[in-house]
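Residue numbers (this note's numbering), protein chains in the order written: chain A, 3 to 224; chain B, 10 to 376. Note that beta-carbon positions come from the ideal geometry of N, C-alpha and C, so glycine has one too. It should be emphasised that the depicted structure is a prediction, and the values quoted were computed from it without experimental measurement. Single-structure report; data block below.
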């Protein structure tokens, strides 16, 4: 993370055009390519910003940030008149947002007992990476890979999220037939319907039962 | 299309047909009712693609035709003044007009061509008496599951053959089975898993059509009920129904006989405190049973009943609603409850065997 305090003006050209006049501002330059220009007001929101993937070129008195293909490039030009402070900090491995307690615990419990998801199911890894974020569990059974997204409550949004993960995962070599399972303590009927229409399974699991704290309800058959 | 018919007749039949219309579909026409008029009869039809209903209404048809009207028409017709209802489809304006008494309504409508083609209703028919079929379905279908993650459990296994009518439903926590003999049973056995909802609608239709028997056509994928001039078509559920005969124990350690009305009343009273999934407890000891329920937040209730029970005391917990369902579906004055142990299923049946059995899994009690 690089933090620059400078007197600068910022010119944006892209979908619209804007100019921030010369003033003292904080420029946050993250290692993932994000650039944010803050003033000493305006709350948490930057005055201007560019999200990754970006192309950043640093010149003597300017930082040029570009994004997108040449045909519709977005460009942020930070013209620096006076550099007041410039420091770089190693933030280490980024800490992810802490997941909802139940989600995290379900994920851990499922990782320990993947057979709960189906006969012969084995864990490949937790937090399987995709370009848009990690899917909670990647498992495998005799029919192939299975991406598992864990939620406290299974909603339509959760199905959409798993759909997006699967799009990226299935683009990987050897993962074309990867299936998806949405696991939650309770699943909304609409989410079930949507999951079924997309050939995904949905499974309600009780965390206490999974942990073995509560014995399962007695049934006449499985 | 132009016709006149009795408000009562149209209101009753519209309400009946509209039950097959979908309340959830994003396809508008599936939430509506088609009217087809020809030669003194109007046929009302609705479908959600799983279940379809076709119900005839007697009418004076001045001009035949077909049109699809919103389900709202059901509410309008029901509230019109007693007497005759006049119905006209003005195709060039895309509306239907409905009038009765001093009231007149003009409703937007859809073309009949937009309505899906309904399944064929022909095939080898079996004539079945209404009363035993409907009674059996009513007593069994409540045990069917409402959870569509296991579709086969949302259906009722229906078997008609030399042994009469057998129906079975289970949601995996309880199982209801009933065998009803027929005066003239068919020589061949036919079997299908019919959605519980279709059987409930069939019961309503049979009551409205006031007939003694109906034609049942079971094909590979659908069941057709021809009831008087009405027809109900339902898709069948594909899958393997649990083998219910294996689930019912051959032998019980205890057989306790209750007075049905008395047990039902006790379960209703004490069941008030057995909220959510809290069990209702039955603590048996020689000569009596104490029925109790505890709610962490609300309190506790108990009531004792004299019963013929001997041997070691036994305490067992059941889902209050499921137990009440079972007791309510028993016929006659006495209920017989067969028990093995606190973690094995209990069996409810009538004191005089009427072919009905209700097997119920207990709930673990944290003593």
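Task: Identity of the residues DSSP links to residue 9/A by a beta bridge - done: 26/A, 84/A, per the DSSP bridge assignment.
Open item on the list: Check this for me: beta carbons of residue 193/A and residue 158/A, under 7 Å apart or not?
Closed with: The answer is yes: Cβ separation under 7 Å.
TODO: Step through the CB atoms of chain A and report whether any lies within less than 7 Å of the CB of residue 251/B.
DONE: Closer than 7 Å to some Cβ of chain A, the Cβ of residue 251/B qualifies, so yes.
TODO: Compute the Euclidean distance between the alpha carbons of residue 93/B and residue 181/A, then round it to the nearest angstrom.
DONE: Taking the straight line from one Cα to the other gives about 59 Å.
Task: Three-state class that DSSP yields for residue 170/A in the structure shown - done: When secondary structure is reduced to three states using DSSP, residue 170/A falls in the helix class.
TODO: Find out if the Cβ-Cβ distance for the pair residue 162/B, residue 180/B is shorter than 7 Å.
DONE: Yes; because the gap between Cβ atoms is below 7 Å, this pair is in contact.
Task: For residue 220/B, the three-state DSSP class (helix, strand or coil) - done: Residue 220/B falls in the coil class under three-state DSSP.
TODO: Closer than 9 Å by beta-carbon distance: list the chain A residues that pair up with residue 182/B, in chain order.
DONE: When 9 Å is used as the limit between beta carbons, residue 182/B is near these residues of chain A: 219, 220, 221, 222, in chain order.
TODO: Using a Cβ cut-off of 9 Å, pull out every chain B residue sitting near residue 194/A, in sequence order please.
DONE: The contacting residues are 157, 158.
Open item on the list: Does residue 46/A come out as helix, strand or coil in the three-state DSSP assignment?
Closed with: DSSP places residue 46/A in the coil class of the three-state scheme, outside both helix and strand.
TODO: Count the other C-beta atoms from every protein chain shown that fall within 10 angstroms of the C-beta of residue 139/A, then say buried if there are 16 or more, exposed otherwise.
DONE: It counts as buried.
- [ ] Determine the extent of the alpha helix (DSSP H) in which residue 17/B is found, giving its start and end residues.
- [x] First-last of the alpha helix (DSSP H) with residue 17/B: 16 to 27.
Task: Exposure label - residue 155/B; buried when at least 16 CB within 10 Å - done: Exposed, since its Cβ has fewer than 16 Cβ neighbours within 10 Å.
Task: Interface flag, residue 256/B vs chain A, CB-CB below 7 Å - done: Judged by the 7 Å Cβ criterion, residue 256/B is in contact with chain A.
Open item on the list: For residue 247/B and residue 228/B, what's the separation of their Cα atoms in angstroms?
Closed with: Each residue's alpha carbon lies about 12 Å from the other.
TODO: Give the C-beta separation of residue 230/B and residue 245/B to the nearest angstrom, bearing in mind that I take them to be a contact with Cβ-Cβ under 8 Å.
DONE: With 8 Å as the limit, residue 230/B and residue 245/B qualify as a contact, their Cβ atoms being about 6 Å apart.
Task: Through-space distance from residue 327/B to residue 172/B, alpha-carbon basis - done: If you draw a straight line from the Cα of residue 172/B to the Cα of residue 327/B, it is about 32 Å long.
Open item on the list: Distance check for residue 125/B and residue 114/B, CA to CA, integer angstroms please.
Closed with: Looking at the two C-alpha atoms, the distance is approximately 26 Å.
Task: Test: residue 187/B CB closer than 7 Å to a CB of chain A - done: Any Cβ of chain A closer than 7 Å to the Cβ of residue 187/B would place that residue at the interface, and such an atom is absent.
TODO: Can you give me the start and stop residues for the beta strand (DSSP E) that residue 188/B sits inside?
DONE: It spans 183 to 189 - the beta strand (DSSP E) in which residue 188/B sits, taken as one unbroken run.
Task: Rounded C-alpha distance that separates residue 358/B from residue 152/B - done: So the two alpha carbons sit approximately 15 Å from each other.
- [ ] At 7 Å on the CB atoms, spell out the chain A contacts of residue 58/B, in chain order.
- [x] What residue 58/B touches in chain A: nothing, since even the nearest Cβ is about 14 Å away.
Open item on the list: Tell me which residues of the region 166 to 179 of chain B have at least one Cβ-Cβ distance to chain A shorter than 7 Å, keeping chain order.
Closed with: Result list: 179.
Task: Sufficient close CB pairs (3 or more, under 8 Å) joining the region 201 to 212 of chain A to the region 109 to 116 of chain A - done: Contact between the region 201 to 212 of chain A and the region 109 to 116 of chain A is present, with at least three C-beta pairs closer than 8 Å.
Open item on the list: Taking CB distances under 7 Å as the criterion, tell me whether residue 10/B reaches chain A.
Closed with: Taking CB atoms only, residue 10/B has no neighbour in chain A less than 7 Å away.
Task: residue 99/A versus residue 12/A - alpha carbon distance - done: Caution applies to residue 99/A, whose pLDDT of 42 falls short of 50 and renders its modelled position unreliable; the model cannot decide the point.
Open item on the list: Only counting the same chain, and skipping five residues up and downstream in sequence, which positions put a Cβ closer than 8 Å to that of residue 200/A?
Closed with: The beta carbon of residue 200/A lies closer than 8 Å to those of 161, 165, 182 in the same chain, with the five residues before and after it left out.
TODO: For residue 299/B, name the three-state secondary structure that DSSP assigns.
DONE: Strand at residue 299/B.
Task: Cα-Cα separation between residue 227/A and residue 119/A, rounded to whole angstroms - done: Chain A is shown from 3 up to 224; residue 227/A falls before or after that span and cannot be answered.
Open item on the list: Checking the sheet assignment: what are the DSSP bridge partners for residue 38/B?
Closed with: For residue 38/B, which the question treats as bridged, DSSP gives no partner whatsoever.
- [ ] Give the straight-line distance between the Cα atoms of residue 91/B and residue 335/B, rounded to the nearest whole angstrom.
- [x] Answer to the nearest angstrom: the Cα atoms are 42 Å apart.
Task: Within-7 Å CB hit, residue 6/B to chain A - done: There is simply no residue 6/B to check, as chain B begins at 10 and stops at 376 in what is shown.
Task: CB contact check: residue 211/B to chain A, cutoff 7 Å - done: With 7 Å as the cut-off, residue 211/B does not count as an interface residue toward chain A.
Task: Pairwise C-alpha distance: residue 170/A and residue 153/A - done: Each residue's Cα considered, the two are about 20 Å apart.
TODO: Count the C-beta pairs between the region 258 to 274 of chain B and the region 331 to 345 of chain B that are closer than 8 Å, then say yes if the count reaches three, no if not.
DONE: The region 258 to 274 of chain B makes contact with the region 331 to 345 of chain B: 3 or more CB pairs, one atom from each, lie closer than 8 Å.
Task: Own chain residues within Cβ distance below 6 Å of residue 27/B, not counting five before or after - done: Within the same chain, Cβ atoms closer than 6 Å to the Cβ of residue 27/B are found at 42, 55, 80, 83, the five residues on either side in sequence being excluded.
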